[in-house]
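Participant: This is the structure I have questions about; it appears just below.
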Amino acid sequence: MSDLDDLSPASVVVAAGRPPRRPGASVNPPVEFTSTYAAPEAGVAYGRNGNAVWDAFEEALGHLEGGHARVFASGMAAISATLALVPAGGTVVTPRHAYNLTNVLLEDYREAGYEVRQVDISNTAEVVAAVEGADMVWTESPTNPMLEVADLRTIFAAAREHGALGVCDNTLSTPLLQQPLALGADVVVHSVTKYLAGHSDVVLGATVTGDHGRGPELLERLTRHRTMHGAIGGPMEVWLALRGLRTLQVRFERSCANAVELARRLEAHPGVERVRYPGTGAMVSIEVAGDAAAADAVAAGCRLWLDATSLGGVESLIERRRKYAAEAPTVPEQQLRLSVGIEDVEDLWTDLDRALRAALPG
Ligand SMILES: *Cc1c(COP(=O)(O)O)cnc(C)c1O
51 MSDLDDLSPA SVVVAAGRPP RRPGASVNPP VEFTSTYAAP EAGVAYGRNG NAVWDAFEEA
111 LGHLEGGHAR VFASGMAAIS ATLALVPAGG TVVTPRHAYN LTNVLLEDYR EAGYEVRQVD
171 ISNTAEVVAA VEGADMVWTE SPTNPMLEVA DLRTIFAAAR EHGALGVCDN TLSTPLLQQP
231 LALGADVVVH SVTKYLAGHS DVVLGATVTG DHGRGPELLE RLTRHRTMHG AIGGPMEVWL
291 ALRGLRTLQV RFERSCANAV ELARRLEAHP GVERVRYPGT GAMVSIEVAG DAAAADAVAA
351 GCRLWLDATS LGGVESLIER RRKYAAEAPT VPEQQLRLSV GIEDVEDLWT DLDRALRAAL
411 PG
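Every number in the numbering used here is 50 more than the matching position in the sequence shown, counting from 1.
In structure tokens:
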């Protein structure tokens, strides 16, 4: 379809990025396993520069976010390309509880002479006060794993006023819940690995930029970075991500409904001291009424929930994030992060309830 602008996201996610409707044409884009192309008169000549299935995925994600997407080798590749937009020795404002490897990468930037200002992203006044003199304001909303929510519109307005680029890592919300470009962001980044691909079978990332302001220039610089750093996704992986994206709406709707119900029940559970759930999305963080060892026992005691890192797949995952040295020290030791999948909610509850009661008797 050429004009998708009047369709809702549930339709766009299915219809965008399809081959032209010609008699006999395939419904899905082809997977071209080729590193080179017979000398073209124009366009792509080499596999590092382009691929038909990238175009299809980028068209679909671009429509969902309201901009121009570029697919990268991983979420971290997209994050690296975006941080490279900061001028040498520049200043970045960033959430204290950003994705842990974003923080680790920013630590490298700090050592290389950049200024990194960590803020509580849910404290809008603190964020706005930190923007003056910054080159980039990095956001996540909600944050991972503390699930703090940011006032993106106010933060990006302040960033623009001070000439700083506004960035949102939109992995946890997906474009179904939040379209940061419409809220004033210059760049959206995704770990496609998570909800967009949705089946824990690929590692990929993406950036999305808008048409306004510095959008076209940023798109060109991000594309150049992808090429020069070779941060490209393989055609099979991108095809799988596009196949996964087709069901984003139904998967995410089910995961979110499960998360709402589980968060409500966990609030009343004797083994749970605190529930963090921002009211939307499919991530829930809980602090168990015990120590780190008790939280580990809960994760290990589940049979349906899998104790594993990552999030956003059809299967439910549970993980104690502070076991990683790179996690922020302000994340509680006894916190478990739940990535709620699409299984039957009663089965998820029964399994989690049993593991909590076994690890935290009384
Ligand atoms: C997983 C994740 C990333 C990193 O993406 P990869 O695809 O694993 O490289 C970045 N941001 C958030 C919020 C994530 O959850």
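Even glycine gets a Cβ: it sits at the ideal position worked out from N, Cα and C. All values reported here derive from a predicted model rather than from experimental measurement.
What residue from L354, V364 and H262 has the CA that sits closest to T402's CA?
Facilitator: According to the sequence as given, residue 402 is Leu; it is not Thr. Cα-wise, what sits closest to L402 is L354.
Participant: I need the DSSP call for H275, collapsed to helix, strand or coil.
Facilitator: Three-state DSSP puts H275 in a helix.
Participant: Go ahead and label M51 buried or exposed: buried means 16 or more other beta carbons lie within 10 angstroms of its beta carbon, across all protein chains shown.
Facilitator: Interpretation of M51 is limited by its pLDDT of 44, a score under 50 that renders its predicted location unreliable; the figure taken from the coordinates is listed afterwards. Flag for M51 reads exposed.
Participant: With a threshold of 6 Å, establish whether the CB of V253 neighbours any heavy atom of ligand 1.
Facilitator: Yes, the beta carbon of V253 sits closer than 6 Å to at least one heavy atom of ligand 1.
Participant: At what residues does the beta strand (DSSP E) containing L386 begin and finish?
Facilitator: Start and end: Q385 to S389.
Participant: What is the DSSP secondary structure of C352, reduced to helix, strand or coil?
Facilitator: Here C352 sits in coil by DSSP.
Participant: Does the beta-carbon distance from A75 to P69 come in below 7 Å?
Facilitator: In contact: A75 and P69 (Cβ atoms closer than 7 Å).
Participant: For G263 and L231, I'd like the C-alpha separation in whole angstroms.
Facilitator: The alpha-carbon atoms of G263 and L231 are separated by roughly 11 Å.
Participant: Quick one, which of E115, P79 and Y87 has its alpha-carbon nearest D55's?
Facilitator: Cα-wise, what sits closest to D55 is E115.
Participant: Run through the DSSP bridge pairs and tell me what Q168 is partnered with.
Facilitator: Answer is T144, bridged to Q168.
Participant: In its own chain, which residues sit with a C-beta less than 6 Å from the C-beta of E176, not counting the 5 before and 5 after it?
Facilitator: Excluding positions up to five away in sequence, the list reads V169 and D170.
Participant: Please report the straight-line C-alpha distance between S241 and P195, rounded to a whole angstrom.
Facilitator: Near 15 Å, if we compare the C-alpha coordinates of P195 and S241.
Participant: Does the distance between the C-beta of G125 and the nearest non-hydrogen atom of ligand 1 fall short of 6 Å?
Facilitator: Yes, ligand 1 has a heavy atom inside 6 Å of this Cβ.
Participant: Inspect the beta-carbon positions of L386 and R370 and report whether they are closer than 7 Å.
Facilitator: Taking 7 Å as the Cβ cut-off, L386 and R370 qualify as a contacting pair.
Participant: Checking 7 Å against the spacing of the C-beta atoms, do V64 and A376 come in under that value?
Facilitator: Cβ distance not < 7 Å, so V64 and A376 don't count as in contact.
Participant: For A256, which beta-bridge partners are listed by DSSP?
Facilitator: Answer by DSSP bridge pairing, in chain order: V121 and H240.
Participant: Check the DSSP bridge columns for G216 and list the partner residues they point to.
Facilitator: In DSSP, G216 forms a bridge with V187.
Participant: For E182 and Y164, what's the separation of their Cα atoms in angstroms?
Facilitator: So the two alpha carbons sit approximately 15 Å from each other.
Participant: Sorry if obvious, but does the Cβ on S241 come closer than 6 Å to a heavy atom of ligand 1?
Facilitator: Because some heavy atom of ligand 1 lies under 6 Å away, the Cβ of S241 counts as near it: yes.
Participant: Near D219, what residues of its chain come up, given a Cβ to Cβ distance below 6 Å and the 5 sequence neighbours on each side ignored?
Facilitator: Within the same chain, D219 has close Cβ partners E190 and V239.
Participant: Quick one: what's V322 bridged to in DSSP?
Facilitator: In DSSP, V322 forms a bridge with V338.
Participant: Using 8 Å as the Cβ pair cut-off and three pairs as the minimum, do the segment 213-228 and the segment 292-310 touch?
Facilitator: Because the criterion of three Cβ pairs below 8 Å is met, the segment 213-228 and the segment 292-310 touch.
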